[in-house]
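A.B. asks:
Number of protein chains: 2
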Amino acid sequence: MADQAAERQNLGLLCFYPHRALESRLLAALVAAGYDDITTAQGRIAARIGPGGTRLTALAEQALVTKQTAGHLVDQLEKAGYVRRVPDPTDARARLVQMAGRGLEVVAVARRVEAEVEAEWTAHLGEEATAQLRAALERLREITDPYR
Amino acid sequence: MADQAAERQNLGLLCFYPHRALESRLLAALVAAGYDDITTAQGRIAARIGPGGTRLTALAEQALVTKQTAGHLVDQLEKAGYVRRVPDPTDARARLVQMAGRGLEVVAVARRVEAEVEAEWTAHLGEEATAQLRAALERLREITDPYR
DNA sequence: CCATTCCGTCAGAGAATCTGACCATCGTCA
DNA sequence: TGACGATGGTCAGATTCTCTGACGGAATGG
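For the record, the sequence lines run as chains A and B. At position 94 of the first sequence the residue is numbered 94 (the working numbering), and the sequence of numbers has no breaks. Just add 148 to the spot in the second sequence (first one is 1) and you have the working numbering.
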């Protein structure tokens, strides 16, 4: 596992930095905008709540955590007024986690930061290389996302 | 932050899956090989220990955690016989974390799995696309790794 | 109609992470 | 040569994150 030195790094490890960089930028921007009570793990869940709402089990799958962890994090987001839980009209067992009140404000900040970061990265890589990167990562997801 | 639906996903998020996929494969392989007491976070530190040893502060920077967290994880790895701490001959304050005993065995398993995973990904993407992905991620690291 | 699966919560335990403080050492500068 | 700021690492405590197992209710398929 120790191959950090001169040897070239594996692709999975190389993916670590952009992923973390975006998360850090997002959290920093949210703190700067006054939303200083969202943690990294909560953000990772909140980032996967789609328009209309998303089920807890889906959030857990996409964030690669257990239902218990996702539930706990949604509890906290709900308590802080970012999300709400509503019944899923298509399945009485299920509930949809939706962005609420403050969460909608957060979405706007997050989208702006994501756009900024992606513009920076595109400027650094070039349009073509960025398109190729995206295509490769999307194709890679076909075999790396266990829930797709 | 909630843009998971039909909208295309940002690059940072797309990087999440390969990174996690590799970590999961590594841990599963280690468990299968009998090293079932290494946690994900410990693995993330151990993966950055270079030949000759690496300082705690460097491990913390690369793994994007605090010195305290890195120290705690190294404590555990040391206690389990995977690493050892030795004085850094160039700085009396510093110590080098080196792979020890069981850790060297773990390295061999890890390298094999990393090679397997990368071969699978290359087979899925194609040689050229993989080379482009690597080049793009390495260039991206120039602006996403805060400690380089 | 029944067995199986799914959905989400509950309880508890352990892992991971952080801040602030502290001490020893190093490098720089006057 | 000594002072000072920075660095390296540890200590203590607190909080967050994560997991397993269990459970009850709802949905699905045979």
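Using N, Cα and C, we set each Cβ at its ideal position, and we do this for glycine too.
Quick one: Cα of Arg134 (chain A) to Cα of Leu30 (chain A), how far?
C.D. replies: Near 25 Å, if we compare the C-alpha coordinates of Leu30 (chain A) and Arg134 (chain A).
A.B. asks: Within a Cβ cutoff of 8 Å, which residues of the same chain sit near Thr188 (chain B), ignoring the five residues on either side of it in sequence?
C.D. replies: Excluding sequence neighbours, Thr188 (chain B) sits near Glu171, Leu175.
A.B. asks: Measure how close the beta-carbons of Val234 (chain B) and Arg243 (chain B) come, nearest whole angstrom, since I'm counting them as under 8 Å.
C.D. replies: Correct: roughly 6 Å between the Cβ atoms.
A.B. asks: Mind pulling the chain B residues with CB within less than 7 Å of Thr144 (chain A)?
C.D. replies: Within chain B, the residues near Thr144 (chain A) are Tyr165, Pro166, Ala169.
A.B. asks: If you measure from the beta carbon of Arg139 (chain A) to each beta carbon in chain B, is any gap under 8 Å?
C.D. replies: Taking Cβ atoms only, chain B reaches closer than 8 Å to Arg139 (chain A), which makes this a yes.
A.B. asks: So, does the CB of Glu127 (chain A) fall closer than 8 Å to a CB anywhere in chain B?
C.D. replies: No, Glu127 (chain A) lies away from the interface with chain B (no Cβ there is under 8 Å from its Cβ).
A.B. asks: Please state the DSSP three-state secondary structure of Gln9 (chain A).
C.D. replies: Reduced to three states, the DSSP call for Gln9 (chain A) is coil.
A.B. asks: Distance cutoff 8 Å, beta carbons only. Does Glu253 (chain B) sit that close to anything in chain A?
C.D. replies: So no, Glu253 (chain B) is outside the interface.
A.B. asks: Closest Cβ-Cβ distance between Gln216 (chain B) and chain A: below 8 Å?
C.D. replies: Closer than 8 Å: no.
A.B. asks: Please confirm if Leu11 (chain A) has its CB atom under 8 Å from at least one CB of chain B.
C.D. replies: It does: the Cβ of Leu11 (chain A) has a partner Cβ on chain B nearer than 8 Å.
A.B. asks: Ala5 (chain A) CB to nearest chain B CB: under 8 Å?
C.D. replies: Bear in mind that the predicted position of Ala5 (chain A) carries a pLDDT of just 41, short of 50, making it unreliable; the figure below should be weighed with that in mind. By this cut-off, Ala5 (chain A) is an interface position.
A.B. asks: Check whether the Cβ of Ala2 (chain A) lies closer than 8 Å to any Cβ atom in chain B.
C.D. replies: Confidence at Ala2 (chain A) is low in this model, with a pLDDT of 46, below 50, so its placement is unreliable and no value can be given for it.
A.B. asks: Against His272 (chain B), what residues of chain A qualify as contacts under a CB-to-CB distance less than 8 Å, listed in chain order?
C.D. replies: Residues of chain A passing the Cβ test: Arg139, Leu140, Glu142, Ile143.
A.B. asks: Report the partner residues of Val97 (chain A) according to the DSSP bridge assignment.
C.D. replies: Paired residue(s): A:Thr54, A:Arg85.
A.B. asks: Thinking C-beta only, is Pro18 (chain A) closer than 8 Å to Leu273 (chain B)?
C.D. replies: No, the Cβ-Cβ distance between Leu273 (chain B) and Pro18 (chain A) is not below 8 Å.
A.B. asks: Which bits of chain B does Leu31 (chain A) rub up against, with CB to CB less than 8 Å?
C.D. replies: Per the sequence shown, residue 31 (chain A) should be read as Val rather than Leu. Going along chain B, no residue has its Cβ under 8 Å from Val31 (chain A), so there is no contact; the nearest lies around 14 Å.
A.B. asks: Check for me: the alpha helix (DSSP H) holding Leu140 (chain A) runs from which residue to which?
C.D. replies: Taken as a continuous stretch (DSSP letters only), the alpha helix (DSSP H) holding Leu140 (chain A) covers 127 to 144.
A.B. asks: Should Gly101 (chain A) be labelled buried (16 or more other beta-carbon atoms within 10 Å of its own) or exposed?
C.D. replies: Exposed, because fewer than 16 other Cβ atoms sit within 10 Å of the Cβ of Gly101 (chain A).
A.B. asks: For chain A, is any of its Cβ atoms less than 8 Å away from the one on Arg282 (chain B)?
C.D. replies: It does; some Cβ of chain A falls within 8 Å.
A.B. asks: For Thr217 (chain B), report the span of its alpha helix (DSSP H) as first-last.
C.D. replies: Where Thr217 (chain B) is concerned, the enclosing alpha helix (DSSP H) stretches over 215 to 227.
A.B. asks: Note down the Cα distance separating Ile38 (chain A) from Ala47 (chain A), rounded to an integer number of angstroms.
C.D. replies: About 12 Å.
A.B. asks: From A:Arg25, A:Glu78, A:Arg20, A:Cys15, pick the residue whose C-alpha is nearest to that of Ala110 (chain A); which is it?
C.D. replies: Of A:Arg25, A:Glu78, A:Arg20, A:Cys15, the residue nearest in Cα terms is A:Arg25.
A.B. asks: Can the beta-carbon of Arg232 (chain B) be found closer than 8 Å to that of Gln216 (chain B)?
C.D. replies: Contact flag unset, no.
A.B. asks: Looking at the unbroken alpha helix (DSSP H) that takes in Ile193 (chain B), where does it start and where does it end?
C.D. replies: 188 to 194 is the extent of the alpha helix (DSSP H) around Ile193 (chain B).
A.B. asks: Can the beta-carbon of Ile45 (chain A) be found less than 8 Å from the beta-carbon of Leu77 (chain A)?
C.D. replies: Contact: yes.
A.B. asks: Please report how far the alpha carbon of Leu59 (chain A) lies from the alpha carbon of Ala70 (chain A), in whole angstroms.
C.D. replies: For Leu59 (chain A) and Ala70 (chain A), the distance between alpha carbons rounds to 7 Å.
A.B. asks: Just to confirm, is the Cβ distance from Tyr295 (chain B) to Gln190 (chain B) under 8 Å?
C.D. replies: No, the pair does not count as a contact, with Cβ atoms beyond the cut-off.
A.B. asks: What do you get for Arg168 (chain B), buried or exposed, if any count of 16 or more other CB atoms within 10 angstroms of its CB means buried?
C.D. replies: By the neighbour-count rule (16 or more Cβ atoms within 10 Å), Arg168 (chain B) is buried.
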